[in-house]
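Q:
2 protein chains.
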Amino acid sequence: MALILTFLGKGGITRSKIAIAAAKLLASQGKRVLLAGLAEPTLSILLDRSITQDPQEIAPNLQVVKFQVSTLLERNWEVVKKLEAQYLRTPILKEVYGQELAVLPGMDSALALNAIREYDASGQYDVIIYNGTGDSFTLRMLGLPESLSWYIRRFQRLFVNSDLGKTITESPLIQPIISSFFNVNWTADNFTFPINQANNFLDQGRVALADPQRVAAFLVTTPDQIEVADARYLWGSAQQIGLIVGGVILVSPEPNINLSEDFAPLSVSIVPDLPSGDWQPLINALPNFAEQAIQAPKPLEIDIHNREVRLFLPGFDKNQVKLTQYDLEVTVEAGDQRRNISLPSALSGKPITGAKFLNSYLIISF
Amino acid sequence: MALILTFLGKGGITRSKIAIAAAKLLASQGKRVLLAGLAEPTLSILLDRSITQDPQEIAPNLQVVKFQVSTLLERNWEVVKKLEAQYLRTPILKEVYGQELAVLPGMDSALALNAIREYDASGQYDVIIYNGTGDSFTLRMLGLPESLSWYIRRFQRLFVNSDLGKTITESPLIQPIISSFFNVNWTADNFTFPINQANNFLDQGRVALADPQRVAAFLVTTPDQIEVADARYLWGSAQQIGLIVGGVILVSPEPNINLSEDFAPLSVSIVPDLPSGDWQPLINALPNFAEQAIQAPKPLEIDIHNREVRLFLPGFDKNQVKLTQYDLEVTVEAGDQRRNISLPSALSGKPITGAKFLNSYLIISF
Numbered sequence: 196m197a198l199i200l201t202f203l204g205k206g207g208i209t210r211s212k213i214a215i216a217a218a219k220l221l222a223s224q225g226k227r228v229l230l231a232g233l234a235e236p237t238l239s240i241l242l243d244r245s246i247t248q249d250p251q252e253i254a255p256n257l258q259v260v261k262f263q264v265s266t267l268l269e270r271n272w273e274v275v276k277k278l279e280a281q282y283l284r285t286p287i288l289k290e291v292y293g294q295e296l297a298v299l300p301g302m303d304s305a306l307a308l309n310a311i312r313e314y315d316a317s318g319q320y321d322v323i324i325y326n327g328t329g330d331s332f333t334l335r336m337l338g339l340p341e342s343l344s345w346y347i348r349r350f351q352r353l354f355v356n357s358d359l360g361k362t363i364t365e366s367p368l369i370q371p372i373i374s375s376f377f378n379v380n381w382t383a384d385n386f387t388f389p390i391n392q393a394n395n396f397l398d399q400g401r402v403a404l405a406d407p408q409r410v411a412a413f414l415v416t417t418p419d420q421i422e423v424a425d426a427r428y429l430w431g432s433a434q435q436i437g438l439i440v441g442g443v444i445l446v447s448p449e450p451n452i453n454l455s456e457d458f459a460p461l462s463v464s465i466v467p468d469l470p471s472g473d474w475q476p477l478i479n480a481l482p483n484f485a486e487q488a489i490q491a492p493k494p495l496e497i498d499i500h501n502r503e504v505r506l507f508l509p510g511f512d513k514n515q516v517k518l519t520q521y522d523l524e525v526t527v528e529a530g531d532q533r534r535n536i537s538l539p540s541a542l543s544g545k546p547i548t549g550a551k552f553l554n555s556y557l558i559i560s561f
Numbered sequence: 196m197a198l199i200l201t202f203l204g205k206g207g208i209t210r211s212k213i214a215i216a217a218a219k220l221l222a223s224q225g226k227r228v229l230l231a232g233l234a235e236p237t238l239s240i241l242l243d244r245s246i247t248q249d250p251q252e253i254a255p256n257l258q259v260v261k262f263q264v265s266t267l268l269e270r271n272w273e274v275v276k277k278l279e280a281q282y283l284r285t286p287i288l289k290e291v292y293g294q295e296l297a298v299l300p301g302m303d304s305a306l307a308l309n310a311i312r313e314y315d316a317s318g319q320y321d322v323i324i325y326n327g328t329g330d331s332f333t334l335r336m337l338g339l340p341e342s343l344s345w346y347i348r349r350f351q352r353l354f355v356n357s358d359l360g361k362t363i364t365e366s367p368l369i370q371p372i373i374s375s376f377f378n379v380n381w382t383a384d385n386f387t388f389p390i391n392q393a394n395n396f397l398d399q400g401r402v403a404l405a406d407p408q409r410v411a412a413f414l415v416t417t418p419d420q421i422e423v424a425d426a427r428y429l430w431g432s433a434q435q436i437g438l439i440v441g442g443v444i445l446v447s448p449e450p451n452i453n454l455s456e457d458f459a460p461l462s463v464s465i466v467p468d469l470p471s472g473d474w475q476p477l478i479n480a481l482p483n484f485a486e487q488a489i490q491a492p493k494p495l496e497i498d499i500h501n502r503e504v505r506l507f508l509p510g511f512d513k514n515q516v517k518l519t520q521y522d523l524e525v526t527v528e529a530g531d532q533r534r535n536i537s538l539p540s541a542l543s544g545k546p547i548t549g550a551k552f553l554n555s556y557l558i559i560s561f
């Protein structure tokens, strides 16, 4: 299992430089590193070489790959067709080729996340550095396991209890029709298999995201006040999807700038802004990513003993945070992120008895 | 109907400054302008005021709005529930509240595009300036009507001709079951209504995108070679989704830089890089957006008389462009964008007899 590192912040080119320097640093320490980027040319120009759609070694321990969405879509389409053929007696999709599929919004994120998952599962890397958009779209991507599993658990409960769901699973009239189209009978158990498999992937993703030894982000900013504000906004938003932010990398020609107050309790590492190609001074100034990630505040802590849930929400004030309770879950909104917290059985469905906002923590009592 | 303007390029803060200056320029000319931005704080800091989720006038003729995805999702969820209640005898979704919905990747884009469509349809604006991510995610968003309508037309043909589709529409056994759940009978016509309504929206979106008086993008770059390369990449990618790029805005302290070769035949307007708040010199240097958009090369021209389809694909060479033919359509791939071209009946389904790449144009003969 690899440590998945990503960088958040406004300046795309600077962020890519930091990603490259981090990859070089970790590879030089003997870690097997995969640096994964988007289809756009930034990474390729900075590395002064073309980047392929399958990992290619560019230095000892260091491989680079480009996530070309149209290719990822083709590869995954074959999986979808196999799944359909397994369940449907007369598959419909077999006539559609992966090479003709259009790319819809959201596919970029889902396919890139799946590619990271597969590279992680391959066991070939100790560190995967994802050089993505570094903005709220990257957060939606990393939040996908959590948000999608919410939809599955919420709508599964609804469907099973609905007239439609009950009729389908119980009606002696519908069963023979279903079995004439599907290879399996529709029973409570049969169709839960693919859902369980999906839930299994999603659960693994959620567990990984909550573990600073598995997934961590670092903020990248210059001293520019707008970039600092954006970095703070991304910091808070990252907490909302459960992503641990390990520290701040401040790119500045001047080493005397102090942003500690803006980002406390995180460490701020000041690195020089250098022309591309001159990597060593940048590499030397980078922090110990793994160590900082472990020391950073956890986005969510559930304390069953004290019947408390604590969320770390830096960069927001009390008025920007909204708390509600629906169904069996608690919903917290801040920034443009919404988090549905699936509570352990000891707290699930219990009414909220109090909530306070203290030192950037939202503390909910049951 | 409004002119929808957007800016593409790497530097998020610079791009936002240009969007603000453009909004101020057009408002000063008497156009009713809506400036729409993301939830992140950039626009709000540059304008030195908070931005609300409903349009607010900040100067004569100039309104500003923030696309907060969680709010847009809530508002649209009510529409989904109404649609369900109209078609399903016992609606399932009524118990799910818009306020608890998680945001999945892709929703940001779909909801923002829908919000732009609604503001456009309101008739209250002459110009809508969308200050989005300015990267391939913005292109996916604007390409949504085209790519989604491809899925609908491709899969509708497949489903209607499949065993499953035929049985559902023809079987006397299935009809009564369906009518016990749905308010309408499943006939060829009944269920095409919501699909036709969706197709209608999508067609309107596709028609608007092809019209330089309705939608146009401008590239924003500094002289930095990586930013220039990224802008060129976005230019070619924009053509692939059918988005007209009207010109280039080069932000540079030096007025003597010449990028005309990189972006021919587009005009390059050089504008100064100024501290925020000092808008007038920037406004004075902006081009005539509407005029440049009309003069720019069209992404796609279909010449039925000469049995030719011409695609403008700047920034790519011959080896980066892939052409294939599936089903009734022609698929062109370049950058990380894929375009399925739905041909008029005179050319639809006809075999390709030749293709050449000349002066950035891909010319396909039938």
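Here the protein sequences come in this chain order: A and B. Residues 196 to 561 (the working numbering) are what the first sequence spells out, left to right. Residues 196 to 561 (the working numbering) are what the second sequence spells out, left to right. Glycine included, C-beta positions come from ideal geometry on N, C-alpha and C.
Buried or exposed: where does B/A234 fall if 16 or more other Cβ atoms within 10 Å of its Cβ makes it buried?
A: Indexing the second sequence from 1 puts residue 234 of chain B at position 39. Classification of B/A234: buried, given that the 10 Å Cβ count is 16 or more.
Q: With a threshold of 6 Å on Cβ separation, who are the neighbours of A/E279 within its own chain once the five nearest residues in sequence on each side are excluded?
A: Translated into positions along the first sequence, residue 279 of chain A becomes position 84. Excluding sequence neighbours, A/E279 sits near P286 and L288.
Q: For B/D457, which residues from the same chain have a beta carbon less than 7 Å from its beta carbon, with the 5 sequence-adjacent residues on both sides left out?
A: Taking the first residue of the second sequence as 1, we reach residue 457 of chain B at position 262. Answer for B/D457: V423 and R427, listed in chain order.
Q: Going along the chain, which residues of the segment 427-442 of chain A sit with their C-beta nearer than 9 Å to a C-beta in chain B?
A: Those residues of the segment 427-442 of chain A that come within reach of chain B (Cβ to Cβ, closer than 9 Å) are R427, Y428, L429 and S432.
Q: Across which residues does DSSP place B/Y325 in a beta bridge pair?
A: Your numbering for residue 325 of chain B matches position 130 in the second sequence. Answer is B/T201 and B/A231.
Q: Can you list, in chain order, the residues of its chain with a C-beta nearer than 6 Å to that of B/R210? Leave out the 5 residues immediately preceding and following it.
A: Here the question's residue 210 of chain B lines up with position 15 in the second sequence. Cβ within range, chain order: F202, G204, G329 and V415.
Q: In this structure, how does DSSP classify A/L572 when only helix, strand and coil are distinguished?
A: Given a span of 196 to 561 for chain A in the structure shown, any question on residue 572 of chain A remains unanswerable.
Q: Provide the residue span of the alpha helix (DSSP H) that contains B/G207, from first to last.
A: Against the second sequence, residue 207 of chain B aligns to sequence position 12. Taken as a continuous stretch (DSSP letters only), the alpha helix (DSSP H) holding B/G207 covers G207 to S223.
Q: State yes or no: is the beta carbon of A/T548 nearer than 8 Å to at least one beta carbon in chain B?
A: Mapped onto the first sequence, residue 548 of chain A falls at position 353. No, because no Cβ of chain B sits closer than 8 Å to the Cβ of A/T548.
Q: In terms of residue numbering, what span does the alpha helix (DSSP H) encompassing B/Q490 cover?
A: Counting from one through the second sequence, the residue named residue 490 of chain B turns up at place 295. Unbroken alpha helix (DSSP H) run through B/Q490: F484 to Q490.
Q: Could you pull the start and end residues of the beta strand (DSSP E) that B/F377 belongs to?
A: For this step, residue 377 of chain B is matched to residue 182 along the second sequence. Counting along the chain, B/F377 falls outside any beta strand (DSSP E), and DSSP gives it neither H nor E.
Q: Around the Cβ of B/T266, are there at least 16 other Cβ atoms within 10 angstroms (buried) or fewer (exposed)?
A: As a working note, residue 266 of chain B is residue 71 in the second sequence. Result: buried.
Q: Quick one: residues in its chain with C-beta nearer than 8 Å to the C-beta of B/R533, no 5 flanking neighbours on either side, listed in chain order?
A: As a working mapping, residue 533 of chain B is identified with position 338 in the second sequence. Taken in chain order, the residues that qualify are Q435, T526 and V527.
Q: In whole angstroms, what is the alpha-carbon distance linking B/S375 and B/Q281?
A: Counting from 1 along the second sequence, the entry for residue 375 of chain B is found at position 180. Counting from 1 along the second sequence, the entry for residue 281 of chain B is found at position 86. Between B/S375 and B/Q281, the C-alpha separation is close to 14 Å.
Q: Using a beta-carbon distance below 8 Å, is A/A234 in contact with chain B?
A: Taking the first residue of the first sequence as 1, we reach residue 234 of chain A at position 39. Closer than 8 Å: yes.
Q: Enumerate in chain order the residues of its own chain whose CB-to-CB distance from A/I347 is below 8 Å, with the five nearest sequence positions on each side excluded.
A: By one-based count along the first sequence, residue 347 of chain A stands at place 152. Excluding sequence neighbours, A/I347 sits near I390, A393, N394 and L397.
Q: How far does the beta strand (DSSP E) with B/R409 in it reach, from first residue to last?
A: One-based indexing of the second sequence puts residue 409 of chain B at position 214. Where B/R409 is concerned, there is no enclosing beta strand (DSSP E), given that its DSSP letter is neither H nor E.
Q: Do A/R401 and A/S344 have their CB atoms nearer than 8 Å?
A: Locating residue 401 of chain A in the first sequence gives position 206, where the first residue counts as 1. Locating residue 344 of chain A in the first sequence gives position 149, where the first residue counts as 1. Closer than 8 Å, so yes.
Q: Report the partner residues of A/Y556 according to the DSSP bridge assignment.
A: Mapped onto the first sequence, residue 556 of chain A falls at position 361. A/Y556 is bridged to A/F507 and A/L553.
Q: Using a C-beta cutoff of 8 Å, does B/S455 count as contacting chain A?
A: Taking the first residue of the second sequence as 1, we reach residue 455 of chain B at position 260. By this cut-off, B/S455 is not an interface position.
Q: Evaluate contact between the segment 237-252 of chain A and the segment 439-451 of chain A, counting only Cβ atoms and requiring at least three cross-stretch pairs below 8 Å.
A: The segment 237-252 of chain A, when compared against the segment 439-451 of chain A, does not touch it at the 8 Å Cβ threshold.
Q: Could you give the DSSP three-state label for A/Q399: helix, strand or coil?
A: Counted from its first residue, the first sequence places residue 399 of chain A at position 204. Residue state, collapsed to three classes: helix.
Q: Would you identify the three-state DSSP class for B/S543, choosing helix, strand or coil?
A: The residue labelled residue 543 of chain B in the question sits at position 348 within the second sequence. The answer is coil: DSSP assigns B/S543 none of H, G, I, E or B.
Q: Compare the C-beta of A/I246 with all C-beta atoms of chain B and state if any pair is closer than 8 Å.
A: By one-based count along the first sequence, residue 246 of chain A stands at place 51. Output row for A/I246: interface = no.
Q: Please check if any C-beta of chain B sits within less than 8 Å of the C-beta of A/L339.
A: Looking up residue 339 of chain A in the first sequence gives position 144. Yes, A/L339 lies at the interface with chain B (some Cβ there is under 8 Å from its Cβ).
Q: Could you tell me which residues DSSP pairs with B/T519 in its beta bridges?
A: Within the second sequence, numbered from 1, the residue matching residue 519 of chain B stands at position 324. DSSP, once it has assigned bridges, lists B/T526 as partnering B/T519.
Q: Return yes when the Cβ of B/P460 is within less than 8 Å of the Cβ of B/P492, no when it is not.
A: Against the second sequence, residue 492 of chain B aligns to sequence position 297. Against the second sequence, residue 460 of chain B aligns to sequence position 265. Yes.
Q: How many angstroms separate the CA atom of A/E252 from the CA atom of A/Q258?
A: By one-based count along the first sequence, residue 252 of chain A stands at place 57. By one-based count along the first sequence, residue 258 of chain A stands at place 63. Using only the alpha carbons, I get a separation of about 4 Å.
Q: Whose C-beta lies closer than 6 Å to the C-beta of B/L429 among residues of the same chain, with five residues either side of it excluded?
A: Working through the second sequence from its first residue, we reach residue 429 of chain B at position 234. L203, listed in sequence order.
Q: Can you name the start and end residues of the beta strand (DSSP E) that A/A150 belongs to?
A: Given that chain A is displayed from residue 196 to residue 561, the structure contains no residue 150 of chain A and the question cannot be resolved.
Q: Compile a chain-ordered list of the residues in the segment 318-334 of chain A whose CB is closer than 9 Å to at least one CB of chain B.
A: From the segment 318-334 of chain A, only T328, D330, S331 and F332 have a Cβ closer than 9 Å to chain B.
Q: Compare the beta carbon distance of A/F262 and A/A310 with 8 Å and say whether it is the shorter of the two.
A: By 1-based counting over the first sequence, the position of residue 262 of chain A is 67. By 1-based counting over the first sequence, the position of residue 310 of chain A is 115. Yes; because the gap between Cβ atoms is below 8 Å, this pair is in contact.
Q: Can you pull out the residues from the segment 289-310 of chain A whose beta carbon lies closer than 8 Å to at least one beta carbon of chain B?
A: Against chain B - using a Cβ distance shorter than 8 Å - the residues of the segment 289-310 of chain A are E290, V291, Y292, Q294, E295, L296, A297, V298, L299, P300, G301, M302, D303, S304 and A305.
Q: Taking Cβ-Cβ distances shorter than 9 Å, what residues in chain B pair up with A/T474?
A: Numbered from its first residue, the first sequence carries residue 474 of chain A at position 279. The sequence as given places Trp at residue 474 of chain A; Thr does not occur at that position. By Cβ distance, chain B contributes nothing, its closest Cβ being about 16 Å from A/W474, past 9 Å.
Q: Identify every residue that forms a DSSP beta bridge with B/S535.
A: Residue numbering aside, residue 535 of chain B sits at position 340 when the second sequence is read from its first letter. Looking at the sequence provided, one finds Asn at residue 535 of chain B rather than Ser. Beta-bridge pairing links B/N535 to B/T526.
Q: Quick one: list the residues of chain B neighbouring A/E528, beta-carbon separation under 7 Å, in chain order.
A: Sequence index remark: in the first sequence, residue 528 of chain A carries index 333 (1-based). Near A/E528 (Cβ distances below 7 Å), the residues of chain B are S265.
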